[in-house]
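Here is the structure we will look at, set down as structure tokens.
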């Protein structure tokens, strides 16, 4: 990413969590799964800001973070 002039970045939300099921035992009290996808760009583009939900850790909290280049 750091070598690209620009990167178009999106966070996949339900598109990711529905496609990549996760089973954890014992079940967590709170779960946050983040998957970032980016596309290298040569020029800047105008996009609407993506609204992301807030996350509050409670008890046994699981945080998953991942990402990938698209294309």
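Numbering (the working numbering), first residue to last: 7 to 77. Yeah, the Cβ is synthetic: ideal placement off N, Cα and C, and Gly gets one too. Remember, it's a predicted structure, so these values are computed and weren't measured experimentally.
Within the DSSP secondary-structure output, residue 42 pairs in a beta bridge with 17, 73.
Residue 26 carries a coil assignment under DSSP once its states are collapsed to helix, strand and coil. Residue 12 is bridged by DSSP to 47.
The C-beta distance from residue 43 to residue 16 rounds to 6 Å, short enough to fall under 8 Å.
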